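Undergrad:
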Amino acid sequence: MKKIAILTNGGDAPGLNAVIRAIVKTAETNGIECYGFIEGYKGLLKNEYVRLDTKTNASGLLHRGGTIIGTSNNTNVFNYKIEKENGDVEYKDLSDQCVQNIKDDGFDCLFTLGGDGTQKSSRDFSLKGLKCIGIPKTIDNDVAHTEMTFGYNTAVSVATEAVDRLHTTAESHHRVMVLEVMGRYAGWIALESAIAGGADIVLIPEIPYDINKVVEKIEQRRKEGKSFSIVVASEGAKPKDGDIVIKRTLDSGSGLDNIRLGGIGDKLVNDIEALTGYEARNTVLGYVQRGGTPTAFDRVLSTQYGAKAVELAMNGIFNVLVTYKGGEFGYVTLEDVVGNNKKVGAASGNTAESNIRKITMDHSLIKTAKNIGICLGE
Ligand code: F6P
């Protein structure tokens, strides 16, 4: 291996720069040149990339949030959105152009840092003959086959601090405070920050909630002399008899990541006020969960992911996702990550076929939450 390329794709996450740094450092240690495509798959399509090395741009990065090579969130080069001059929109498969770019410039391996949508495209490229290695990034922690994505621990820390801060104001005003956190289809951030911050109720996409159970918990606390309650809700939480709350649908539902969630916190506040008569307030935590410096844990995790990825490539192991399980780093095939979503070019992360890792009801976090009396809305 002489020359490798990295791209960061999808929503950003703390630790992206730390992974880039680790890949570059490990590559340099082994005499391999490193490049970074600008803005994810978009840069791959336009063949825009920069040299990455520790003398110029790839050092001093450990603590920096975001990604120095940029990212794009809505780019599926297998079904690329083209806006015509007359305003019409068409979708084209431009993946062959990307494959050609990689071949022309002699990249021996493409490292794809991203969530399930990114890894889906990575697998599709591997079927077209590229050598790809995926590294699982997302604050939502929902990539299949890995126990911990980088960025997640930082998001949980930010959400936990928010729960702590809500406690004191909730108590002072005798209010029910709702915190809406990220997590479209998996409730990892909500569940862990609720446990870490001592919330009373946590509502996650995996367990459609019964609002009467939420109210029961709030009333029970009142009877016990606790005049306030804290609710943490994933943006993808939904009532038993209802659906997820969508803020905006983009591109009439076509393309990747076409649904913007948001609003469950406001809905909960309205319902709780109507049913209890107590004052309630909502806080939407939003993008502060994704921005800023990674925790020490995420810096180490990211560094290990990056170094392991290069190690796999040097051992000739391609078309895999680097995984973290039981404290060990390993890999699974990108084919396994894609799961049932086999169709080449199809979007993932936003479809019924996507293979994201949800919280199972036998997970220890669910058991712990129940044991200590956190209400899960059931
Ligand atoms: O990274 C995943 C995520 O944080 C989701 O929880 C959220 O719905 C989404 O990103 C929003 O990202 P964007 O607004 O950048 O599409």
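Counting in our numbering, the sequence shown runs from 695 upward without gaps.
Don't be surprised by glycine CBs; every beta carbon is placed ideally from N, CA and C.
Computed from a prediction, not measured in an experiment: that's the story for all the values here.
#1: From Thr832 to Arg878, what distance separates their C-alpha atoms?
#2: If you drop the 5 nearest sequence neighbours on each side, which residues of the same chain put their C-beta closer than 7 Å to that of Gly781?
#3: Three or more C-beta pairs under 8 Å: does that hold for the segment 864-872 against the segment 964-979?
#4: What does DSSP give as the partner residue(s) for Arg954 in the beta ladder?
#5: Can we count Gly705 as close to ligand 1, meaning its CB is less than 7 Å from some heavy atom?
#6: In the structure shown, what three-state DSSP assignment does Leu897 receive?
#7: Could you give the DSSP three-state label for Asn976: helix, strand or coil?
#8: Would you call the CB atoms of Val665 and Gly956 closer than 8 Å?
#9: Would you list the residues sitting across from Lys786 in a DSSP beta bridge?
#10: Compute the distance between the beta-carbons of Asn787 and Asn773, then report whether it is under 8 Å.
#11: Do you know offhand how far Lys778's Cα is from Lys736's?
#12: Take the Cβ of Lys693 as the centre, count every other Cβ of all protein chains shown within 10 Å, and call the residue buried at 16 or more, exposed below.
#13: Assign Thr806 to one of two classes, buried (16 or more other C-beta atoms within 10 Å of its C-beta) or exposed (fewer than that).
#14: Pick helix, strand or coil for Thr812, following the three-state DSSP scheme.
#15: What are the residues that DSSP puts in a beta bridge with Arg745?
#16: Alpha carbon to alpha carbon, what distance is there between Val896 and Lys1061?
#17: Given Ala1074, which residues of its chain have a CB within under 7 Å of its CB, disregarding the five upstream and five downstream residues?
#18: Identify whether Thr769 lies in helix, strand or coil by the three-state DSSP scheme.
#19: Tell me the residue span of the alpha helix (DSSP H) that contains Phe991.
#20: Using DSSP bridges, identify the partner residues of Thr806.
#21: State buried or exposed for Gln794, treating a residue as buried only when at least 16 other CB atoms are found within 10 Å of its CB.
#22: Under the rule that 16 or more other beta-carbon atoms within 10 Å means buried, what is Ser1058, buried or exposed?
#23: May I ask which residues mark the beginning and end of the beta strand (DSSP E) holding Gly1024?
#24: Return the chain-ordered list of same chain residues with a C-beta closer than 7 Å to the C-beta of Asn741, the five sequence neighbours on each side being excluded.
#25: May I ask you to report which of helix, strand or coil DSSP gives Lys740?
TA: Working from what's here:
#1: 11 Å
#2: For Gly781, where only same-chain residues beyond five positions count, there are no Cβ hits under 7 Å.
#3: yes
#4: Arg942
#5: yes
#6: strand
#7: strand
#8: No information on residue 665 is available, as it lies outside the stretch 695 to 1072 that the chain covers here.
#9: BP columns for Lys786 point to Tyr774.
#10: Before going on, a small fix: residue 787 reads as Asp here, not Asn. Cβ distance < 8 Å, so Asp787 and Asn773 count as in contact.
#11: 18 Å
#12: Given that the chain is displayed from residue 695 to residue 1072, the structure contains no residue 693 and the question cannot be resolved.
#13: buried
#14: helix
#15: Tyr729
#16: 13 Å
#17: Outside the shown range of the chain, which is 695 to 1072, sits residue 1074, and nothing can be said about it.
#18: Note: Thr769 maps to coil in three-state DSSP.
#19: 990-1008
#20: Leu701, Gly828
#21: exposed
#22: exposed
#23: Its beta strand (DSSP E) spans residues 1022-1027.
#24: Asn795
#25: Lys740: helix per DSSP, three-state reduction.
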